[in-house]
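Residue numbers (this note's numbering), protein chains in the order written: chain A, 1 to 119; chain B, 1 to 113.
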């Protein structure tokens, strides 16, 4: 059974750093793209970027380039999304999801990680 | 970026009736290599992650009930839910998977009338 399990909810202060995770199982982690999608409270879905864990090839949306870093550790089948300095506007639900190609739709999704940034 | 625009923003449909959601892309999403349209539909129930319903504009994902169907080509697409069920109450998003960054429509909320 394919599963993507994300790390738990986080509450942070502005300026703090954060790294959230997404562990895949039930499929070949290194041959399937993993993407990250942001959903701000009460809003729609925003595609942030994707990574190919096999060689760490990464593609960012221009809207998120330089704001976040996507990485993966194939030895533990885990992808990451990290911030070096959080802003209040980063408060959102973040989903990881997998796609069979860089431009494929996402067929399996994680349960989401709620990130709250507040002073 | 390709802009995806859905209509309506919300609709209320009686149980057993048909719901129709439209999605328009700012440019063609026809993938020339296979002559298929790179358009997907997702369902997001309250408090849940999105679920892939349809890709390549009209291919139903495994396990998706056949009351869900997708159609359209080029820049104009439609998701149809025949015989609406209570469990279909959700927000529906279209997405172009033609190029990066992949982009989503703003969502259409479907409720029971």
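Idealized CB from N, CA, C, for every residue including glycine.
DSSP lists A:37 as the beta-bridge partner residues of residue 95 of chain A. Cβ neighbours of residue 55 of chain B within its own chain (closer than 6 Å, five residues either side excluded): 40. Beta-bridge pairing by DSSP links residue 108 of chain A to A:98.
DSSP places residue 86 of chain B in the helix class (H, G or I) of the three-state scheme. When Cβ pairs closer than 8 Å are counted between the two stretches, the segment 10 to 18 of chain B is seen not to touch the segment 48 to 63 of chain A, the count staying below three. Taking C-beta separations shorter than 8 Å and ignoring five residues to either side along the sequence, the partners of residue 106 of chain A in its chain run 35, 37, 97, 98 and 99, following chain order. The Cβ neighbour count for residue 107 of chain B, taken over all protein chains shown within 10 Å, is at least 16; the residue is labelled buried.
Judged by DSSP secondary structure, residue 22 of chain B falls within the beta strand (DSSP E) whose first and last residues are 19 to 25. Listed along chain A, the residues sitting closer than 8 Å to residue 61 of chain B by beta-carbon distance are 107. Residue state for residue 89 of chain A is assigned as helix, using DSSP reduced to three classes. Non-local C-beta neighbours of residue 19 of chain A in its own chain, meaning closer than 7 Å and more than five positions away in sequence, comprise 80 and 82, ordered along the chain. Between residue 93 of chain B and residue 44 of chain B, the C-beta spacing is below 9 Å.
Nearest neighbour of residue 52 of chain A by Cα position, chosen from A:111, A:14, A:28 and A:7, turns out to be A:28. Taken atom to atom, the span from the alpha-carbon of residue 73 of chain B to that of residue 42 of chain B is near 18 Å. Straight-line measurement puts the Cα of residue 60 of chain B at about 8 Å from the Cα of residue 66 of chain B.
Between the alpha carbons of residue 48 of chain A and residue 33 of chain A lies a distance of about 13 Å.
What residue 50 of chain B touches in chain A, judged by beta-carbon distance under 9 Å, is 37, 39, 45, 95, 97, 106 and 109, going in chain order.
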